[in-house]
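Q: Protein chains in written order, with my numbering: chain G, 59 to 249; chain U, 28 to 972.
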Amino acid sequence: MADQEHIEIDTLLDMPAPGRSRTGRAAALARLLHQDCTYLLELYRERESLLSDHTPAGDRIVSLSLSSPDLSSDEQVQLLHSALRKCLGLLECLILREEEEMGELEGEYETVRKGVRDRLGHLLHSTKVLLETEEDVTPDHQCNEEVDGVVGTFGAKMWTYRVLLELIHWANSASQTLHVLHSEREGREEI
Amino acid sequence: MFKAWEIFLYPNPALNFFTTVSRTCLVVLYLGFQTVDGSAGLAPPQQVRLDADKETQTLSVTWEDGHASTFDVEILRTELMEMVLNETVGVTEDQSTGKHQWNWTSPVPLECTSLSVKVRSRDGQDVSEWSSQQILPGLDLPDNTDSQMYPEGKTVPVGSNMTFCCIVEEGQQFGSLWYKDTLVKENMLSRRTYATTMTNQGPSNPSGTNVVCSNEKKMIIAGAVVFVGYPPLPSDLVCETHDLTSVDCQWSKGRDTYLFGMTRQTYYTLNGRNCPKARNSNMRCGLEQWDGNWTLVARNLLGEFRLTDAAELGHRVRPVAPVNLTTPEVYSWNASVGWLWKDKGFERLSLICQVCLSGHQTYTGYGLNTVVLKDLQPDEKYSVKVRCGSQKNFWKWGEWSLPLSFQTKMDRSVAPDIWLWMDSDNLGRVLWKPLTKSESHGQISGYEVILWSPEENSQQTLTLPQSVYSLPINVTDLGSKVTVTVTARNPAGVSLPANVVIPRYLPDAEDTAISKVAFNGSGFPLSWVAHANASCGYVVDWYNTSCTQDCNVEWTRVAADNTNTMVQSGNFFAGVRYTFSLYACSSESTVLLERWHGYMQELVPSRTVLRLSPNQEGADVQLTWDQIPLEHQRGFILGYTVYLTNASHLTLLANITDPQLTNHTVRNLVLGSYKFTVKAYTAAGEDGGATVSISLEPYTYWLIMEILVALGTMTCLLIVITIAFTGFSFSIFTILWKTMPGTGLICVCFQGTLDVKPSPHSMVHIVEDSVWDSSKEALVTVPEEDEEGTGDEAADTDEPASLRYYNQVVEEGSSSQRRPHASDSSASSTGSMDSGHTDVTYTGIQTSACYRPQMQSASCPEEPQTGPEEHLQPPVGSFGGYQPQCSWKQDSPEADGDGLDQTCLGSPTSVTSSQFLLPYDTSEEGKEHPSSASTWFHNLLTGKP
Numbered sequence: 059m060a061d062q063e064h065i066e067i068d069t070l071l072d073m074p075a076p077g078r079s080r081t082g083r084a085a086a087l088a089r090l091l092h093q094d095c096t097y098l099l100e101l102y103r104e105r106e107s108l109l110s111d112h113t114p115a116g117d118r119i120v121s122l123s124l125s126s127p128d129l130s131s132d133e134q135v136q137l138l139h140s141a142l143r144k145c146l147g148l149l150e151c152l153i154l155r156e157e158e159e160m161g162e163l164e165g166e167y168e169t170v171r172k173g174v175r176d177r178l179g180h181l182l183h184s185t186k187v188l189l190e191t192e193e194d195v196t197p198d199h200q201c202n203e204e205v206d207g208v209v210g211t212f213g214a215k216m217w218t219y220r221v222l223l224e225l226i227h228w229a230n231s232a233s234q235t236l237h238v239l240h241s242e243r244e245g246r247e248e249i
Numbered sequence: 028m029f030k031a032w033e034i035f036l037y038p039n040p041a042l043n044f045f046t047t048v049s050r051t052c053l054v055v056l057y058l059g060f061q062t063v064d065g066s067a068g069l070a071p072p073q074q075v076r077l078d079a080d081k082e083t084q085t086l087s088v089t090w091e092d093g094h095a096s097t098f099d100v101e102i103l104r105t106e107l108m109e110m111v112l113n114e115t116v117g118v119t120e121d122q123s124t125g126k127h128q129w130n131w132t133s134p135v136p137l138e139c140t141s142l143s144v145k146v147r148s149r150d151g152q153d154v155s156e157w158s159s160q161q162i163l164p165g166l167d168l169p170d171n172t173d174s175q176m177y178p179e180g181k182t183v184p185v186g187s188n189m190t191f192c193c194i195v196e197e198g199q200q201f202g203s204l205w206y207k208d209t210l211v212k213e214n215m216l217s218r219r220t221y222a223t224t225m226t227n228q229g230p231s232n233p234s235g236t237n238v239v240c241s242n243e244k245k246m247i248i249a250g251a252v253v254f255v256g257y258p259p260l261p262s263d264l265v266c267e268t269h270d271l272t273s274v275d276c277q278w279s280k281g282r283d284t285y286l287f288g289m290t291r292q293t294y295y296t297l298n299g300r301n302c303p304k305a306r307n308s309n310m311r312c313g314l315e316q317w318d319g320n321w322t323l324v325a326r327n328l329l330g331e332f333r334l335t336d337a338a339e340l341g342h343r344v345r346p347v348a349p350v351n352l353t354t355p356e357v358y359s360w361n362a363s364v365g366w367l368w369k370d371k372g373f374e375r376l377s378l379i380c381q382v383c384l385s386g387h388q389t390y391t392g393y394g395l396n397t398v399v400l401k402d403l404q405p406d407e408k409y410s411v412k413v414r415c416g417s418q419k420n421f422w423k424w425g426e427w428s429l430p431l432s433f434q435t436k437m438d439r440s441v442a443p444d445i446w447l448w449m450d451s452d453n454l455g456r457v458l459w460k461p462l463t464k465s466e467s468h469g470q471i472s473g474y475e476v477i478l479w480s481p482e483e484n485s486q487q488t489l490t491l492p493q494s495v496y497s498l499p500i501n502v503t504d505l506g507s508k509v510t511v512t513v514t515a516r517n518p519a520g521v522s523l524p525a526n527v528v529i530p531r532y533l534p535d536a537e538d539t540a541i542s543k544v545a546f547n548g549s550g551f552p553l554s555w556v557a558h559a560n561a562s563c564g565y566v567v568d569w570y571n572t573s574c575t576q577d578c579n580v581e582w583t584r585v586a587a588d589n590t591n592t593m594v595q596s597g598n599f600f601a602g603v604r605y606t607f608s609l610y611a612c613s614s615e616s617t618v619l620l621e622r623w624h625g626y627m628q629e630l631v632p633s634r635t636v637l638r639l640s641p642n643q644e645g646a647d648v649q650l651t652w653d654q655i656p657l658e659h660q661r662g663f664i665l666g667y668t669v670y671l672t673n674a675s676h677l678t679l680l681a682n683i684t685d686p687q688l689t690n691h692t693v694r695n696l697v698l699g700s701y702k703f704t705v706k707a708y709t710a711a712g713e714d715g716g717a718t719v720s721i722s723l724e725p726y727t728y729w730l731i732m733e734i735l736v737a738l739g740t741m742t743c744l745l746i747v748i749t750i751a752f753t754g755f756s757f758s759i760f761t762i763l764w765k766t767m768p769g770t771g772l773i774c775v776c777f778q779g780t781l782d783v784k785p786s787p788h789s790m791v792h793i794v795e796d797s798v799w800d801s802s803k804e805a806l807v808t809v810p811e812e813d814e815e816g817t818g819d820e821a822a823d824t825d826e827p828a829s830l831r832y833y834n835q836v837v838e839e840g841s842s843s844q845r846r847p848h849a850s851d852s853s854a855s856s857t858g859s860m861d862s863g864h865t866d867v868t869y870t871g872i873q874t875s876a877c878y879r880p881q882m883q884s885a886s887c888p889e890e891p892q893t894g895p896e897e898h899l900q901p902p903v904g905s906f907g908g909y910q911p912q913c914s915w916k917q918d919s920p921e922a923d924g925d926g927l928d929q930t931c932l933g934s935p936t937s938v939t940s941s942q943f944l945l946p947y948d949t950s951e952e953g954k955e956h957p958s959s960a961s962t963w964f965h966n967l968l969t970g971k972p
């Protein structure tokens with residue numbers, strides 16, 4: 059199912075569309091990404107036998123605030139783009155560490171994980187197009203254990219857990235922000 | 028302490044005596060102290076030192092100056108002062124360092140909490156004082172505020188026991204401990220440390236087993252991962268060469284280690300060289316040169332395992348696949364295939380090669396690189412591949428080459444298999460079977476059919492397309508001996524001719540006897556006596572027997588030296604009769620030898636017998652029917668069963684085992700309605716049955732005969748009476764022959780021998796004229812609806828309103844009375860006319876003195892039946908005794924009180940009934956008499972002998 063959605067999104071992104079539709083497509087993409095991230099966390103908890111009411115301690119990894127009232131929608135998208143770049147960097151680091159730790163497995167978790175990575179990359183491209191600037195879409199994270207504070211195997215798992223929560227958070231933020239932007243632009247077009 | 032005592036004892040040496048006594052006393056006192064506290068003579072260990080190896084959870088304790096080989100060691104958890112160990116151990120002094128060292132492996136990780144250790148020397152029961160207490164600090168000290176869990180990231184064998192401890196962050200409260208998703212019981216080791224012990228751990232998943240510690244808010248505050256698995260256990264190391272130079276070793280991975288990732292996975296080395304490609308299920312490793320001896324080492328964090336193999340190169344040759352297959356020569360029936368070797372060494376090796384074509388063919392040769400493929404089929408596509416092995420010291424087949432496809436050339440087809448099917452003497456069809464791929468040897472373009480007659484010296488030639496497999500023929504003008512020749516044509520030429528002499532048309536039932544043949548599960552087994560004139564063998568053909576036009580004819584050929592065959596076909600169906608005909612075939616003639624009929628499976632007939640009809644013959648009923656049409660028989664008809672049908676109940680009357688017999692007579696029936704069912708049956712059972720009904724009527728000829736006999740008897744009697752009583756009995760004659768006024772009836776009544784008096788009721792009415800005076804009580808035809816006691820007669824109301832004769836039987840009781848009265852009563856008749864004519868109406872010929880059925884009961888009690896074999900009774904609404912009168916009730920005053928002894932009572936029904944009431948004797952004689960008489964009379968009337 060994930061593959062099918064993936065193809066649909068790819069098709070959507072390749073289609074030429076006016077600006078109004080781009081925001082709509084980006085918002086839809088973020089919504090799908092949020093669903094994927096939620097499912098990925100569910101699979102992770104299942105794999106690690108972690109109860110859903112057991113949450114890891116620690117602060118946010120990506121700390122950017124989109125809630126400031128002074129920020130315009132475009133500025134919010136700019137911040138969102140930066141946050142998503144960091145998320146992509148974290149996810150790629152996560153994949154690297156897990157493959158070192160467990161080898162290259164081919165379960166459902168790994169499949170969904172790859173799908174999230176791809177979709178996150180698509181979302182970055184979408185937000186870049188929305189911003190109409192030459193934003194970087196490369197992952198923004200140095201995969202360094204000392205920087206990440208990863209100590210030991212269990213520490214790496216907790217870091218993974220936090221990264222997955224971070225992905226959910228930012229995918230949800232992207233969905234909401236882009237939805238608002240889509241509504242605004244649509245309103246302007248109608249006027 | 029000992030030295031203190033000495034300093035104290037030497038201050039004043041002048042006091043010798045006192046000193047001596049004092050010293051003696053003190054020594055005794057000292058010895059006494061030594062005995063009490065045990066410390067005398069043994070020095071406590073000095074400079075006790077603790078060293079911890081936290082990875083292995085090993086604590087190393089070293090000390091000096093023990094001067095003993097046995098020591099007591101005591102270990103406490105410092106914070107709660109709980110005893111962990113109190114043990115006496117033997118430790119020898121290291122001569123080079125002068126120190127004692129003792130190692131202890133803690134079941135609890137050494138980080139969990141601080142441990143206090145002290146040691147004392149022991150010599151038997153003597154012990155020194157404890158050494159100063161040494162503390163191994165844990166990580167739960169206040170200055171180490173973070174939450175932690177130990178041990179972390181360990182790899183242990185399956186089945187291990189482990190203790191995990193959680194150190195709660197300063198200021199937080201412990202919540203719970205979880206192993207995987209299981210809440211486990213904790214044990215408090217210190218203020219901040221809680222531990223749990225897991226026993227007999229099972230294998231982990233690829234990411235390891237989590238042990239999680241949470242606080243009271245269920246937040247994960249610490250955790251550890253343990254990897255539980257097995258050491259490697261590979262097997263079956265085998266090394267071989269594919270190119271006569273290098274070595275390729277393979278082995279089985281064996282038991283799963285459950286350990287993954289770069290750190291924990293299994294690594295392999297072959298003769299000391301790494302095997303980086305040995306991953307997952309691909310357990311193989313290669314070396315450039317053939318060593319002859321190989322050692323495989325498999326290693327992971329839990330251990331290593333070694334496998335060895337040794338062999339000479341020539342014993343382990345498994346060639347690579349041949350390359351560049353070609354077909355230098357291809358013909359209709361054979362072809363040659365060649366190939367090359369990538370490694371020149373194989374060109375100098377004795378090889379055995381397999382060629383996969385249709386099945387495997389094996390060839391051998393030195394440096395084999397070409398083979399000839401024989402027994403191929405013309406115009407056939409083939410795909411060939413080759414693999415080889417070392418002929419000497421064969422080890423294993425090498426890899427298959429890539430397949431090579433080629434097609435053989437075409438050739439003339441085989442002669443068609445032809446046969447003739449004659450519908451009549453001159454008309455028929457030439458049939459031939461389509462040629463299969465293996466027979467046609469190329470695409471058939473058409474057929475040529477030649478009819479020729481040596482007698483007439485004439486020939487007809489017809490060319491037909493490839494899709495036609497039969498040809499109607501008319502040999503009227505071709506003489507008696509006609510030969511048919513069929514050839515097939517393809518691009519390679521014309522086939523050999525197939526000839527057959529037209530056999531004489533012989534339908535069933537002519538000349539040749541027909542036997543039955545049974546299907547034996549796989550076919551119809553036929554056997555016959557050898558025929559002299561079967562030079563080109565026999566032909567058995569078969570077809571659906573009931574088919575009349577354009578029948579599907581199949582045939583098979585049998586060699587001349589064979590006299591049996593099994594006829595098999597996918598076109599046999601259950602319930603269909605097939606005719607099998609055996610022909611002897613020669614160049615001169617085709618002669619029908621034998622015929623069989625057979626069913627693959629017999630079924631019950633699909634329909635009933637045709638035109639089933641009953642025919643009454645007196646008390647008998649003859650049933651006749653026609654046979655079931657052949658296509659509906661669905662089995663060999665073995666016979667017929669005849670049933671008497673009573674509602675849904677069938678009573679078997681006869682089983683006719685001659686299937687040609689299509690009639691049956693049911694005898695000795697009493698009056699009434701009957702239903703008969705006739706069923707044909709095969710080996711599979713009976714059909715549904717055809718049913719016919721009949722209502723038996725009185726047989727008039729018998730009645731007429733009895734009337735005539737009665738009249739004759741009466742005449743004779745009158746003559747005798749006239750002679751006997753002439754002279755004095757004239758007056759009696761007057762009475763006797765007195766005509767009843769106004770009725771036109773004569774009543775003759777006998778009572779005793781001579782006491783005859785007229786009866787006003789027992790009478791015969793004679794209708795003198797159909798237009799008789801209506802003022803008189805004329806008797807006319809009375810419809811039965813008007814009769815008394817119509818209850819049982821109601822079933823017959825659809826019959827014509829003419830005279831009816833009920834040939835009833837009195838079942839029991841008065842047999843001795845019946846026969847004489849049969850003639851007595853009829854004596855009152857004065858005339859007999861055609862019973863079918865309404866001008867003469869017999870209205871109650873009564874055996875008045877003797878018959879009393881009307882007197883027996885007004886409700887017609889049922890009489891016991893004698894069974895169908897004796898007298899078949901009408902099944903429904905049957906009449907018992909004198910049925911028409913049975914409901915009559917005696918209302919005659921003469922009958923009252925006299926009962927049955929009233930011998931001259933006139934039956935009230937005699938006036939209104941239009942029926943003859945005749946006796947019927949139930950004795951054997953009585954039973955046979957009317958039947959035989961009626962049969963005789965019927966035969967007389969119908970002219971039958």
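Even for Gly, the Cβ is constructed at its ideal location relative to N, Cα and C.
From the beta carbon of residue 250 of chain U, is the nearest beta carbon of chain G less than 9 Å away?
A: Answer yes: the Cβ-Cβ gap between residue 250 of chain U and chain G drops below 9 Å somewhere.
Q: Between residue 234 of chain U and residue 111 of chain U, what straight-line distance do the alpha-carbon atoms span, to the nearest angstrom?
A: Using only the alpha carbons, I get a separation of about 34 Å.
Q: So, do the region 213-231 of chain G and the region 144-153 of chain G have three or more beta carbon pairs nearer to each other than 8 Å?
A: Short answer: they touch.
Q: Flag residue 302 of chain U as yes if its beta-carbon sits less than 9 Å from any beta-carbon of chain G, otherwise no.
A: With 9 Å as the cut-off, residue 302 of chain U does not count as an interface residue toward chain G.
Q: Please determine, among U/652, U/179, U/543, the residue with the shortest C-alpha to C-alpha distance to residue 718 of chain U.
A: Per the Cα distances, U/652.
Q: Rounded to whole angstroms, how far is the Cβ of residue 731 of chain U from the Cβ of residue 623 of chain U, which I believe are closer than 8 Å?
A: Contact flag wrong, Cβ pair sits at about 57 Å.
Q: Round the Cβ separation of residue 471 of chain U and residue 458 of chain U to the nearest angstrom and send it over; I've been treating them as touching at under 8 Å.
A: Not really, about 16 Å apart at Cβ, beyond 8 Å.
Q: On the three-state DSSP scale, how would you describe residue 133 of chain G?
A: Of the three classes helix, strand and coil, the one that applies to residue 133 of chain G here is helix, per DSSP.
Q: Residue 452 of chain U: buried (16+ other C-beta within 10 angstroms of its C-beta) or exposed?
A: So residue 452 of chain U ends up on the exposed side.
Q: Return the residues of the region 102-121 of chain G that lie within a Cβ-Cβ distance of less than 9 Å from chain U, sorted by chain order.
A: Here the close residues are 105, 106, 107, 108, 109, 111, 112, 113, 114, 115.
Q: Restricting to runs no shorter than 3 residues, where is the beta strand (DSSP E) found entirely within the region 257-331 of chain U?
A: Those beta strand (DSSP E) runs which fall completely within the region 257-331 of chain U and span 3+ residues are 262-267, 274-279, 294-297, 311-314, 320-327.
Q: Would you call the region 140-160 of chain U and the region 73-90 of chain U in contact, with 3 or more CB pairs under 8 Å?
A: As far as the Cβ criterion goes, the region 140-160 of chain U touches the region 73-90 of chain U, which means the pair count is three or higher.
Q: Flag residue 308 of chain U as yes if its beta-carbon sits less than 9 Å from any beta-carbon of chain G, otherwise no.
A: Not closer than 9 Å to any Cβ of chain G, the Cβ of residue 308 of chain U fails to qualify, so no.
Q: Of the choices U/738, U/322, U/583, whose alpha-carbon is the least far from that of residue 335 of chain U?
A: Selected option, being the one with the closest Cα: U/322.
Q: Would a C-beta distance cut-off of 9 Å place residue 13 of chain U and residue 586 of chain U closer than the cut-off?
A: With chain U covering 28 to 972 only, the question about residue 13 of chain U has no answer from this structure.
Q: Measuring only between beta-carbons, confirm whether residue 195 of chain G sits less than 9 Å from chain U.
A: With 9 Å as the cut-off, residue 195 of chain G does not count as an interface residue toward chain U.
Q: Strictly by DSSP, which residues pair up with residue 721 of chain U?
A: In DSSP, residue 721 of chain U forms a bridge with U/701.
Q: How is residue 199 of chain G classed by DSSP in three states: helix, strand or coil?
A: DSSP places residue 199 of chain G in coil when its eight states are reduced to three.
Q: Which residues in the same chain have their Cβ closer than 6 Å to the Cβ of residue 314 of chain U, if we skip the five residues on either side of it in sequence?
A: Once the five neighbours on either side are set aside, the close Cβ partners of residue 314 of chain U are 274.
Q: With residue 514 of chain U as the anchor, note down where its alpha helix (DSSP H) starts and where it stops.
A: Run containing residue 514 of chain U: none in the alpha helix (DSSP H); it sits in the beta strand (DSSP E), 510-517.
Q: Taking the straight line between their C-alpha atoms, what separation do you get for residue 264 of chain U and residue 318 of chain U?
A: Taking the straight line joining both Cα atoms gives about 15 Å.
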